[in-house]
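Sequential numbering from 0 applies to the sequence shown in numbering that gives the first Met the number 0. For every residue, glycine included, the Cβ atom is placed at its ideal position computed from N, Cα and C.
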Amino acid sequence: MEIAFLLIPLAVMLVFVILGGLWWAIQTGQFEDLEEEGSRILEQD
């Protein structure tokens, strides 16, 4: 039962880290133009 006192706070911190990373990606425009990036890979230089 003592392990739950360690795992629950670690899980909550991991959720906050993941949500923080998602918030950062949205704020910096990582998801703005997905179609152009997909077609840019297929085009030759």
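In this structure, residue 30 places its C-beta atom within 8 angstroms of the C-beta atom of residue 24. It is roughly 47 angstroms from the alpha-carbon of residue 6 to the alpha-carbon of residue 42. In this chain, the alpha helix (DSSP H) harbouring residue 36 covers 33-41. Rounded to the nearest whole angstrom, the C-alpha separation of residue 34 and residue 17 is 24 angstroms.
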